[in-house]
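Asks:
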Amino acid sequence: MPSRVVLQQADISRALTRISHEILESNHGGSDLVILGIPTRGAILAERIGAILESIEPGSGTVGTLDITMYRDDLGRNLTRTPSPTRIPPGGIDGKTVVLVDDVLFSGRTVRAALDAMVDLGRPRAVRLAVLVDRGHRELPIRADFVGKNLPSSLAERIHVRVTEIDGVEEVTIEP
Amino acid sequence: MSRRILITGAVLADGTPTDILVSDGIVAELGTGLSDAEALAIDGAGLIALPGLVDLHTHLREPGFEHSETVLTGSRAAAAGGFTAVHAMANTSPVADTAGVVEQVQALGEDAGYVTVRPVGAVTIGLAGGQLAEIGAMAQSRAKVRVFSDDGKCVSDAVLMRRALEYVTTFDGVVAQHAQEPRLTEDAQMNEGALSSELGLEGWPAVAEEAIIARDVLLAEHVGARLHVCHVSTAGSVDVVRWAKARGIRVTAEVTPHHLLLTEDLARSYDARFKVNPPLRNQADVEALRAGLADGTIDIIATDHAPHPVEDKDCAWADAAFGMVGLESALSVVQSALIESGILGWADVARVLSRVPAEIGRVAGYDRGIAQGAPANITLVDPAARREFARGDLRGRSANSPYLGMTLPGRVVATIHRGYPTVLDGELRSVQQVAISKGKEGNESRG
Amino acid sequence: MRHLLSTRGITRDQAVQILDVAEDMADVATREVPRLPVLRGKTVVNLFYEDSTRTRISFEAAAKRLSADVINFSAKGSSVSKGESLKDTAQTLAAMGADAVIIRHQSSGAPEVLARSGWIDAGIVNAGDGTHEHPTQALLDAFTIRRRIHGQAARGKGLEGCRVTIVGDILHSRVARSNVWLLTCLGAQVSLVAPATLMPLAIGEWPVEVDYDLDHALSAGPDVVMMLRIQAERMHDAFFPNAREYSRQWGLDDERLARLPESSMVMHPGPMNRGLEISAGAADSPRSTVREQVANGVSVRMAVLYLLLAGAMEEAA
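Protein sequence lines correspond, in order, to chains A, B and C. So the first sequence is numbered by this note's numbering: it starts at 18 and just counts up by one. So the second sequence is numbered by this note's numbering: it starts at 9 and just counts up by one. So the third sequence is numbered by this note's numbering: it starts at 2 and just counts up by one.
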């Protein structure tokens, strides 16, 4: 069976805009906000959210990346991954509200690793989680604060998030 | 066991088909259609009958290094490889520099009975290169030593070498030189060249061998003595020997099977099985050695069988001992390197592995090869066989063979030493079987 | 990567990958907690048959920053003798569950023997073997050069167009060998300068230019001048007449330093013989990368340990 498109470009764009508004609302404005994307596609989505925040409230779109390769709990079971750079904005994360951004929330292990990685970088006031797709099947007590789309799926299915910068197209597909 | 052996349908080295009847330790009859119902029958169909092989360069390690090899285990390895006589090098502990040691080694060889063991005497006391050993006493001993060598060490002192050459002349002896200029080869680990530079292993330059050979042939010419050059390994050495022979100098030279087949590239693995002295050289040297053998510049092939215990090879290259075992594989390697490439025929093999080494070592009974009335030293080889050379093919005490895992042609089917079998159907005869056969022949010859 | 035994035969992609990971590792050092949990539960053994405090502590720091357990095994001076001991030691370390063995050995090829032997199933890192190779030194040298040239934009880049002159005892130098293969693989042009006695035989087959005249080599204005340590004992083996002549002919003194372009880097793998192969002025000048090399050594060794140990087994490089 061929893969099925569940979000198209316009859907993704609308979801990110909504998430950005929700972030500002829950943070009571754009102060002390740091958006950290998890490479590779989470980092792209974080840039998008940062740009939207900036357009709504200038100065609120501080964006960085947080690589979690070294904090994964499945190292040694897979081939070695080349880590991506971690870029923390000049102000750091101490006392800030950090919004972690990833493309798909699945088992929760990536977010767990991200939380560990953040501990080594500083002490944020609060950490929130924004994802484009939540597909369920959590293995850890983790939930997202901002969700683009809930997409209940079977474990056998594969969900792909594609972004223009990397994949040349903008879509979310589900593949049996 | 019958005292007679009848080999039927074999082919001599020169290509002549023949049956061979061995009786009372000698070749009694040659020709086709022979029969003898009481003789031990060996079907020689498809086999080549070579005269028993003679090794001029063997390390039997006894006395002193029995954990590597003994006269008995080395003799068994030799018989398995088709040899009927070996020359036991002098670098034992104590060194074979007195009549006592050489007589002991010879007696151990007679007791074992697998091959004729001819001891080599040291040129200098303790191989130390300082003072001449009791060469005369060794020559006049029951062992009747004719070959003298400090092998493993070079007689580098020119005066000492001159004296040794002069001294042995009176009893028809020969000095077999391990040609290695010591200062040029301090800490040397492998052939010096691009590869040693890359691998960071200290180089053993060709000139260190060639310079000594050049000096020695001129010394031999000057004093009118006979010189033998051990394990020639470089193209330049072949040129020097060729020049010396053209000049009429009485020099003979040997090459090892490994220098005829293997090259320095094997050192790339840092696997110490390939560490040997002189070192493996490059392909051009291998070609020159083969050509030198083909045109008679190099007289003989000798194994330089050098057993070492596992711990001396299972270590970093520089910490490992030099040397390879070679008795069991020699004929197969010669077939692979020389027969299959058309450089030598089987008659040449009989010359370079039997008649001429016996002549250099003054071992009696090999001058006519397999001939009526000659002592029955015969090696039957199946040239069509092929096998992956394995640990089980090594019959001595040590396993430091560079050929393990390689596919080699040829197999020794039977070895007959002084008229009795030491190898039959490709299997070594037991110590007891050899002792019984030897006893009978011994009684016979004394009776 | 399964082992790191030499830089000979390493691909450009592999080399760039190691240098890129090292960039990330360098960032870690600047963080509040300069430590990653990535090798938690792994055991790294420093097996040193030769004294080299600086290399050992560099590897030790690297392993600890990756949260590995580190065991230092100094074979030198203990009852461990030559030969069989390498095998015995390897089997002991295997029984202790070593995941990686960093070996420094006086014999060329000892790490190769360890990797091939089957005595131990651990990743092997060559920390200098005889006069063969010292791959992590070359990697940190390449890393240092790349950072000086490209700064923050170094990731993904090689050393194309960079001209490196290596001066000194090439014959006995494992650092020179590893650098020749690695730097040329990364696109640099390498020239070697030494007295003819200290140049390896058949040097013409190496992918380098050869010069016997330091002043001539420096007149080309190389981007990097790498000075190798010269051991004074060499003069007893007639490699050169005496230290004074060596220093005059092949030493980087203040006057030669002044003739170099402003942008040229001066490197030295350490430890230095000030006043022999390098003057104090050259060693301490802003062009000298000697201290950066030390810091970068930890980052590069972290990258190597990470690539060796963090993933599932791959084919040997």
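Where is the CB? At the ideal position from N, CA and C, for every residue including glycine. Source: prediction; values computed, not measured.
If you scan the segment 76-160 of chain A from start to end, which runs of the alpha helix (DSSP H) of 4 or more residues do you find wholly inside it?
Replies: 126-136
Asks: Could you check the C-alpha separation between Val431(B) and Asp170(C) for me, to the nearest Å?
Replies: 57 angstroms
Asks: Would you mind sorting Val34(C) into buried or exposed? The rule is 16 or more other CB atoms within 10 Å of its CB.
Replies: By the neighbour-count rule (16 or more Cβ atoms within 10 Å), Val34(C) is not buried but exposed.
Asks: Between Ala202(B) and chain C, is the shortest Cβ-Cβ distance under 8 angstroms, so that the two count as touching?
Replies: Taking Cβ atoms only, chain C reaches closer than 8 angstroms to Ala202(B), which makes this a yes.
Asks: Under 8 angstroms Cβ-Cβ, which residues of chain A neighbour Asp28(C)?
Replies: Pro102 and Thr103
Asks: Around the C-beta of Asn243(C), are 16 or more other C-beta atoms found within 10 angstroms, so that it is buried, or is it exposed?
Replies: Residue environment: Asn243(C) is assigned as exposed (fewer than 16 neighbouring CB atoms within 10 Å of its CB, all protein chains considered).
Asks: So, helix, strand or coil for Pro319(C), using DSSP?
Replies: Only positions 2 to 318 of chain C appear in the structure, and residue 319(C) is not among them; the question remains open.
Asks: Quick check on this structure: which residue in Arg58(A), Ile183(A) and Thr79(A) has the alpha carbon closest to the alpha carbon of Asp49(A)?
Replies: Thr79(A)
Asks: Are there any heavy atoms of the ligand FAD lying less than 7 angstroms away from the beta-carbon of Val263(B), as far as the coordinates show?
Replies: The ligand FAD is absent from the structure shown, which contains no ligand whatsoever.
Asks: Take Ser265(C) and list the residues in its own chain whose beta-carbon comes closer than 8 angstroms to its own, dropping the five residues that flank it on each side.
Replies: Gly222, Pro223, Asp224, Val225, Val226 and Arg288
Asks: Tell me the rounded alpha-carbon separation between Gly350(B) and Asp22(B).
Replies: 15 angstroms
Asks: Which residues of chain C have a Cβ atom closer than 9 angstroms to the Cβ of Thr181(A), listed in chain order?
Replies: By Cβ distance, chain C contributes nothing, its closest Cβ being about 21 angstroms from Thr181(A), past 9 angstroms.
Asks: Using a cut-off of 9 angstroms between C-beta atoms, extract the partners of Gly112(A) located in chain C.
Replies: Correct list: empty, because the minimum Cβ distance to chain C is about 13 angstroms.
Asks: Can you confirm whether Arg327(B), when its beta carbon is compared against all beta carbons of chain C, has any partner nearer than 8 angstroms?
Replies: Per the sequence shown, residue 327(B) should be read as Asp rather than Arg. Yes, its Cβ sits closer than 8 angstroms to a Cβ of chain C.
Asks: Which same chain residues end up closer than 7 angstroms to Ile150(C) when comparing Cβ atoms and leaving out the 5 residues on each side of it in sequence?
Replies: Its chain contains Cys163 as the residues whose beta carbon lies nearer than 7 angstroms to that of Ile150(C), once the 5 sequence neighbours on both sides are disregarded; these appear in chain order.
Asks: Which of the residues in the segment 113-137 of chain A, read from start to end, lie with their CB under 8 angstroms from any CB of chain C?
Replies: Asp133, Val136 and Asp137
Asks: Which parts of the segment 121-191 of chain B are runs of the beta strand (DSSP E), unbroken and 3 residues or longer, counting only runs that do not cross its ends?
Replies: 124-127 and 182-185
Asks: Using a beta-carbon distance below 8 angstroms, is Gly139(A) in contact with chain C?
Replies: yes
Asks: Check whether the Cβ of Ser409(B) lies closer than 8 angstroms to any Cβ atom in chain D.
Replies: Judged by its chain identifiers, the structure shown contains no chain D, and its protein chains are A, B and C.
Asks: Please go through the same chain and pick out, in chain order, the residues whose beta-carbon is closer than 7 angstroms to the beta-carbon of Val35(B), but skip the five residues on each side of it.
Replies: Ile28, Ile378, Ala379, Gln380, Gly381, Ala382 and Ala384
Asks: Please decide whether His322(C) counts as near chain B, where near means a Cβ-Cβ distance under 8 angstroms.
Replies: As displayed, chain C neither begins before 2 nor continues past 318, which places residue 322(C) out of reach and without an answer.
Asks: Out of Ala123(C), Val165(C) and Gly119(C), state which residue places its alpha-carbon closest to the alpha-carbon of Ala139(C).
Replies: Val165(C)
Asks: Tell me which residues of the segment 311-344 of chain B have at least one Cβ-Cβ distance to chain C shorter than 8 angstroms, keeping chain order.
Replies: Glu319, Asp320, Asp322, Cys323, Ala324, Trp325, Ala326, Asp327 and Ala328
Asks: Once you ignore the five residues that flank Gly76(A) on each side, which residues in its own chain have a CB closer than 6 angstroms to its CB?
Replies: none
Asks: Got a sec: is the Cβ-Cβ distance from Ile121(C) to anything in chain B below 8 angstroms?
Replies: no
Asks: Kindly indicate if chain B contains any beta-carbon less than 8 angstroms away from that of His4(C).
Replies: no
Asks: Helix, strand or coil: which one does DSSP assign to Val209(C)?
Replies: Coil, per DSSP.
Asks: Is it buried or exposed, Glu316(C), if we count other Cβ atoms within 10 angstroms and call 16 or more buried?
Replies: Only weak support exists for where Glu316(C) lies, its pLDDT of 40 falling under 50; the coordinates are left without a value.
Asks: From Glu336(B), Pro102(B), Arg12(B) and Val19(B), pick the residue whose C-alpha is nearest to that of Gly33(B); which is it?
Replies: Arg12(B)
Asks: Against Glu206(C), what residues of chain B qualify as contacts under a CB-to-CB distance less than 7 angstroms, listed in chain order?
Replies: Within chain B, the residues near Glu206(C) are Ala202.
Asks: Taking the alpha-carbon positions, what's the Leu33(A) to Thr57(A) distance?
Replies: One C-alpha to the other measures close to 17 angstroms.
Asks: Can you tell me which of Ile19(C), Thr8(C), Val102(C) and Arg292(C) puts its alpha carbon nearest to the alpha carbon of Leu48(C)?
Replies: Val102(C)
Asks: Compute the distance between the beta-carbons of Val125(B) and Gln112(B), then report whether it is under 8 angstroms.
Replies: no
Asks: Kindly say whether Arg32(C), judged by its beta-carbon, lies nearer than 8 angstroms to any beta-carbon of chain A.
Replies: yes
Asks: Verify whether the separation of the beta carbon atoms of Ser286(C) and Asp254(C) is less than 8 angstroms.
Replies: no
Asks: Could you check whether Ile61(A) and Ala131(A) sit closer than 8 angstroms to each other, using their CB atoms as the reference points?
Replies: no
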